[in-house]
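Engineer:
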Amino acid sequence: MAKEARPVLVLGEFEDAETLMSAAERVRDEGFTHWDCYTPYPVHGLDQKMGIRATALPWLVLGGGLTGCTVGFLMQWFMNAVDYKFLISGKPLWSVPANIPVSFELTILFSAFGAFFGMLAMNGLPRFYRPHFRSERFRRATADRFFIGIEGRDRAFDPQGNQDLLSSLGASHVEVVEE
Amino acid sequence: MAGSRIDLSNENMELGSLSRNATSVGMILLVVGLVATLAMGALTGGAGHDSLGHDGGAHGEDHGADHGSAAHDDHVDDHAGEHDSAHAGHDDHHHAHGYISERSWLHPYLISYCYFLAITIGALFFVIIHHLVRAGWSSSLRRIAEGVSQNFIVMAVLTIPILLNLGEVYQWAVYDVGHDPLIDVKQAYLNEGAFITRFVAYFAVWIGFSVFFHRMSVKQDETGDPAISRKMGLATPVAVLLFALSVSFAGFDLLMSLDAHWFSTIFGVYFFAGCVLSWHAFLALTVIWLQKHGRLVRSINSEHLQDVGKMVFAFTIFWAYVAFSQYMLYWYGNIPEETGWYLRRQTTFTWGAWGFFLVFGHFAVPFLFLLSKHVKRRKTTLAVGAIWMLLVHWCDLYYLVMPQLMSGSEFPFQMIDVTIFLAMTGLYLITTAWFLGRAPLLAKRDPKLPEALAFHNA
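One line per chain: the protein sequences are A and B, in this order.
For the first sequence, numbering that gives the first Met the number 0 begins at 0 and goes up steadily by one.
For the second sequence, numbering that gives the first Met the number 0 begins at 0 and goes up steadily by one.
Here it is, written out as structure tokens:
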């Protein structure tokens, strides 16, 4: 199976966060859409430089919370006042104060579900392989180097041109990762 | 980060002429409030008593202007006499339950007093917690908190009218032993001597720590010595303990003991929640006002405002959490001595509606409003939220105090409730402006200040 080695990724390696920031700004302005920055620690303000729009995740969390609250009340109403009527300390079969703790906890639980699973889904996780892992140098993204990776599915993907661009933006080393 | 260094060389960090603005507004409120209060006292002071069917024509007028000892003694005897007859007549009558049914000028005074005491306590809490956890982000806001917490000296003076007239609002102060076993056993704690002693102790703690932290911080403005920060940090474990005890017991004494028969161990936390909530709302408004007039425009930015907004938001939830915790246990247990307090607030339409208003106005609506980070970062929306919380916090205190004097279904509101509050607002503005004007508005040489300037919400 002589599969053709197709380039799928251009990686640029940067020595420090400030060079990365200014480079990211330029890559954004060049109009790339499928690219990302990789840093050993959270770099404040990088999302603006990259032009990342505000995430819709809070709305998922809100939706999760509202669902949890509704489920909590409905469940208790159905269990206690419909399916298995059981009188507890002379309270009405369905009374709101008694339902609040469970509804509150379910609100939290479903909000957390919304946040956790929403984050996974929107990031496309879990994912076990990315072409980045084929680069030996890329391992330093978890230690002391900053990377910009331009992916093959970007319309402006052009291994040679992209490498030149990243070099001109201060990348100390550039490479092409093949499939 | 190197990229976000902020230059403070041109920062305006003196209150300066703004002090005059605040003082003149405060003066107007104080004078209008005082004049109106005195006029109300003469015009409507007796109305509340008549509607309750008491024979107290002369002493209704005395409330407004003169609290002479003769009139006061009459009132006490009068009241005690009625206890016996009411008690003998029908047991479910309210006299046996440990509160005073006659309206006094001290009821609205107590509400206003607790309101501003709460803000001052919240300011001290801000300072203590800042040092306790070695916070960075709040360094640029801390001097404002230190300045506002100096108001304890004023609050101590404002306590004196309460301490001199305890019998006006607290039945335990005019109580005859033998009517109510629960009040009988509380006599060792709820008596005038012990009450006054406790308030001396509370204010010793509050004034002591607020002056200590302010002095040290101002000293650091000159020397920039990091040892001062360490010294303040070392004082905080003791400070936070004494603070928690004093605030909790002050809540018991000032508000819970209005119903001497009743008790709730979480009540101090409820009071504390209101303190921290109203303080952060007050802080947000103060910062917005200062920045509107060109003060601290670089050292405080939307990141800090967002965090102050988060605290308002968090303590809106915390208040609801504590309020509901107290409510649900008593509702579920359904024991007469525990439910009495809520029964008074649920059996009449007005207080029932007031309670629902607090559920929505003090929790549900502000919760949804303050949920978004954009609301907390924008000055206009944050100001709307802060003003709203300051208004509903007054409604909350009104709900704690006023149902205690209801004998029936009538609503006790009188204009004096507003006028006394206005007068105290005026006084608080004047003294706050004075305390803020005594030192720069920024702890400019605090070693943690650069951390606050570089602060970003993730």
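All residues carry an ideal CB built from backbone N, CA and C; glycine is no exception.
Counting contacts by CB-CB distance shorter than 9 angstroms, is A/His43 in contact with chain B?
Structural biologist: Chain B, which has a Cβ nearer than 9 angstroms to the Cβ of A/His43, makes this yes.
Engineer: Given that B/Trp330 touches chain A, what residues does it touch there, using C-beta distances under 7 angstroms?
Structural biologist: What B/Trp330 touches in chain A: Pro96.
Engineer: Does any residue of chain B have a CB that is nearer than 9 angstroms to the CB of A/Ser171?
Structural biologist: A/Ser171 does not count as touching chain B.
Engineer: Which whole-angstrom value describes the C-beta separation of A/Val26 and A/Trp34, a residue pair presumed to lie in contact below a C-beta threshold of 8 angstroms?
Structural biologist: Confirmed, about 6 angstroms.
Engineer: Secondary structure at A/Asp35, three-state DSSP: helix, strand or coil?
Structural biologist: Strand.
Engineer: Would you mind telling me which residues of chain B sit closer than 9 angstroms to A/Ile99, beta carbon to beta carbon, in chain order?
Structural biologist: Near A/Ile99 (Cβ distances below 9 angstroms), the residues of chain B are Phe323 and Met327.
Engineer: Check each residue of the segment 100–118 of chain A: if its Cβ is closer than 9 angstroms to any Cβ of chain B, include it; give the result in chain order.
Structural biologist: For the segment 100–118 of chain A, which is checked against every Cβ of chain B, the residues closer than 9 angstroms are Pro100 and Phe103.
Engineer: Kindly list, in the order they appear in chain A, the residues whose Cβ is closer than 8 angstroms to that of B/Asn458.
Structural biologist: Residue 458 of chain B lies beyond the range of chain B shown here (0 to 457); nothing can be said about it.
Engineer: Can you say whether B/Asp306 is buried or exposed, counting buried as having 16 or more other CB atoms within 10 angstroms of its CB?
Structural biologist: By the neighbour-count rule (16 or more Cβ atoms within 10 Å), B/Asp306 is buried.
Engineer: Within 10 angstroms of its Cβ, does B/Gly45 collect 16 or more other Cβ (buried), or is it exposed?
Structural biologist: Its pLDDT being 45, under 50, B/Gly45 is placed unreliably by the model, and the measurement read from it follows with that caveat. It is buried - the Cβ of B/Gly45 has at least 16 other Cβ atoms within 10 Å.
Engineer: Does A/Lys84 pass the burial test, meaning 16 or more other C-beta atoms within 10 Å, or should it be called exposed?
Structural biologist: Exposed: under 16 other Cβ atoms inside 10 Å.
Engineer: Could you tell me whether the Cβ of B/His361 comes closer than 9 angstroms to any Cβ of chain A?
Structural biologist: It does not; no Cβ of chain A falls within 9 angstroms.
Engineer: Would you say A/Leu56 faces chain B, with C-beta separation under 9 angstroms as the test?
Structural biologist: No, A/Leu56 lies away from the interface with chain B (no Cβ there is under 9 angstroms from its Cβ).
Engineer: Using a Cβ-Cβ cutoff of 8 angstroms, what residues of the segment 295–319 of chain B are near chain A? List them in chain order.
Structural biologist: Of all residues in the segment 295–319 of chain B, none has a Cβ within less than 8 angstroms of some Cβ in chain A.
Engineer: Return the chain-ordered ranges of every beta strand (DSSP E) run that is complete within the segment 84–158 of chain A and spans a minimum of 3 residues.
Structural biologist: With a minimum length of 3 residues, the continuous beta strand (DSSP E) runs that stay inside the segment 84–158 of chain A are 145–150.
Engineer: In the DSSP assignment, the beta strand (DSSP E) including B/Val459 goes from what residue to what residue?
Structural biologist: The structure shown does not extend to residue 459 of chain B, since chain B is modelled only from 0 to 457, so the question has no answer here.
Engineer: Determine the burial state of B/Lys425: buried for a count of at least 16 other Cβ atoms within 10 Å of its Cβ, exposed for fewer.
Structural biologist: A small correction: the amino acid at residue 425 of chain B is Gly; Lys does not occupy that position in the sequence shown. Answer is buried; the Cβ neighbour count reaches 16.
Engineer: Within a Cβ cutoff of 6 angstroms, which residues of the same chain sit near A/Val60, ignoring the five residues on either side of it in sequence?
Structural biologist: Excluding residues within five positions, the ones whose Cβ falls inside 6 angstroms are Ser110, Gly113 and Ala114.
Engineer: Can you list, in chain order, the residues of the segment 210–225 of chain B whose Cβ is nearer than 7 angstroms to any Cβ on chain A?
Structural biologist: The segment 210–225 of chain B vs chain A, Cβ under 7 angstroms: nothing.
Engineer: By how many angstroms is the C-alpha of B/Gly384 removed from the C-alpha of B/Tyr320?
Structural biologist: The straight-line gap from Cα to Cα measures roughly 19 angstroms.
Engineer: Scan the segment 34–74 of chain A and note each continuous alpha helix (DSSP H) run of 4 residues or more that stays entirely inside, going in chain order.
Structural biologist: The segment 34–74 of chain A contains these whole alpha helix (DSSP H) runs: 45–49.
Engineer: Measure from the C-beta of B/Ser371 to each C-beta in chain A and report whether the shortest distance is under 9 angstroms.
Structural biologist: At least one chain A Cβ lies under 9 angstroms of B/Ser371.
Engineer: Can you give me the Cβ contacts of B/Gly436 inside the same chain, cut-off strictly under 7 angstroms, excluding the 5 residues immediately before and after it?
Structural biologist: Same-chain partners within the cutoff: Leu14 and Ser18.
Engineer: Looking at the structure shown, is B/Pro446 part of a helix, part of a strand, or coil, going by DSSP?
Structural biologist: Of the three classes helix, strand and coil, the one that applies to B/Pro446 here is coil, per DSSP.
Engineer: Which term fits B/Asp49, buried or exposed, when burial requires 16 or more other beta carbons within 10 angstroms of its beta carbon?
Structural biologist: Reliability fails at B/Asp49, whose pLDDT of 38 lies under 50, so the model's placement of it is uncertain and the value that follows must be treated cautiously. Flag for B/Asp49 reads exposed.
Engineer: Could you have a look at B/Gly44 and say whether DSSP puts it in helix, strand or coil?
Structural biologist: With a pLDDT of 48 at B/Gly44, under the threshold of 50, the modelled position of this residue cannot be trusted; read the value that follows with caution. Three-state result, B/Gly44: coil.
Engineer: Quick check on DSSP: helix, strand or coil for A/Glu14?
Structural biologist: Of the three classes helix, strand and coil, the one that applies to A/Glu14 here is coil, per DSSP.
Engineer: Quick one: is B/His260 near chain A, going by C-beta distance under 9 angstroms?
Structural biologist: Answer no: the Cβ-Cβ gap between B/His260 and chain A never drops below 9 angstroms.
Engineer: Considering only the alpha carbon of each residue, which of A/Gly123, A/Met49 and A/Gly30 lies closest to A/Tyr37?
Structural biologist: When each option's Cα is compared against that of A/Tyr37, the closest is A/Met49.
Engineer: Would you say A/Leu61 lies against chain B (beta-carbon separation less than 9 angstroms)?
Structural biologist: Chain B, which has a Cβ nearer than 9 angstroms to the Cβ of A/Leu61, makes this yes.
Engineer: Below 8 angstroms on the Cβ atoms is my contact criterion, and I expect A/Val175 with A/Pro6 to pass it. Report the Cβ-Cβ distance as a whole number of Å.
Structural biologist: A/Val175 to A/Pro6, Cβ: 5 angstroms. Contact.
Engineer: By Cβ distance, which residues of its chain are closer than 7 angstroms to A/Asn161, with the 5 residues on each side in sequence left out?
Structural biologist: For A/Asn161, where only same-chain residues beyond five positions count, the Cβ hits under 7 angstroms are Val9 and Ile149.
Engineer: I'd like the list of long-range same chain contacts for B/Asp6, defined as Cβ closer than 8 angstroms, with 5 residues on each side in sequence excluded.
Structural biologist: Excluding sequence neighbours, B/Asp6 sits near Arg297.
Engineer: Locate the alpha helix (DSSP H) running through B/Val268, then write down its first and last residues.
Structural biologist: That run of the alpha helix (DSSP H) goes Phe266 to Lys291.
Engineer: In the structure shown, what three-state DSSP assignment does A/Glu177 receive?
Structural biologist: If DSSP states are grouped into helix, strand and coil, A/Glu177 belongs with the strands.
Engineer: Please classify B/His260 as buried or exposed, where buried requires at least 16 neighbouring CB atoms within 10 angstroms.
Structural biologist: Burial call: buried.
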